[in-house]
Amino acid sequence: GHTLRCVRANRERIDAWTAEPAARLSGTEISQRGEGYAGQNTHAMVNQGGQAQPTTLLLLLSSTQGLATEIESKLRNQGYPVRVAWASDLEDLEESVKRADPELLICRAGESEPELTRVMSLLQSIAPDLPVVALADQRGISEVATAIAAGARDLVSMDDDAAFRHFEQVLR
């Protein structure tokens, strides 16, 4: 594939798709991974039959971009037409949600990550209907209860095949 980069002239629209996974939606450049319709302002992928397939835009709030790449890769390998954009902190999150209109926010839980209660508070003012799923290394009953109490719809993990299947079910 080829890589297209485009400096954003209109801050309200995403104007470029690139061959780079896990876009960071901040600054003056926007990059998102695209296949089939690279360079067009569209949310579609080409499936194996050559037909356009709607793409779901997920937004990951995490201190590490590599996780967004991993999530996108795993979901696409399972046949899900997704793009996973990345925001590194609350400021990036606010800007990305306003500009990209994601269908789901995946919020990484952990010591170096923003608290879920702060994330939910921010979303109440900018995107109160945006569903949020917390992502943790381990998924225990107390962790799930804490995430749901903070406002997440669920807590998921990707640490093994069974946990990833749960993650897939939550995305449906």
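For what it's worth, the numbering used here labels the leading residue of the sequence shown as 101, then goes sequentially.
No residue lacks a Cβ here, since even glycine has one placed at the ideal position from N, Cα and C.
Because the structure is a prediction, the values reported are computed rather than measured.
Reducing DSSP to helix, strand and coil, say where residue i ends up.
i: residue 193; result: helix
i: residue 169; result: helix
i: residue 253; result: coil
i: residue 224; result: helix
i: residue 319; result: Outside the displayed span of the chain (101 to 272) sits residue 319, for which this structure offers no information.
i: residue 183; result: strand
i: residue 142; result: Reliability of the predicted coordinates at residue 142 is poor, the pLDDT of 35 falling under 50, and no value is obtained from them.
i: residue 124; result: Only weak support is given to the placement of residue 124: the predicted model assigns it a pLDDT of 43, under 50, and the question is left unresolved by the model.
i: residue 239; result: coil
i: residue 260; result: coil
i: residue 268; result: helix
Return the residue from the list the options that minimises the CA-CA distance to residue i.
i: residue 170; options: 231, 244, 259; result: 259
i: residue 255; options: 173, 179, 178, 207; result: 207
i: residue 157; options: 166, 164, 180, 250; result: 180
i: residue 191; options: 173, 269, 214; result: 214
i: residue 211; options: 261, 269, 155, 164; result: 164
i: residue 162; options: 271, 233, 199, 174; result: 233
i: residue 261; options: 159, 155, 175, 249; result: 175
i: residue 198; options: 222, 257, 239; result: 222
Compute the beta-carbon to beta-carbon distance between residue i and residue j, rounded to the nearest angstrom, for a pair I have assumed lies under 8 Å.
i: residue 226; j: residue 203; result: 15 Å between Cβ atoms; not a contact.
i: residue 209; j: residue 235; result: 6 Å
i: residue 184; j: residue 160; result: 6 Å
What are the partner residues of residue i, as DSSP defines its beta bridges?
i: residue 233; result: 206, 254
i: residue 161; result: 187, 207
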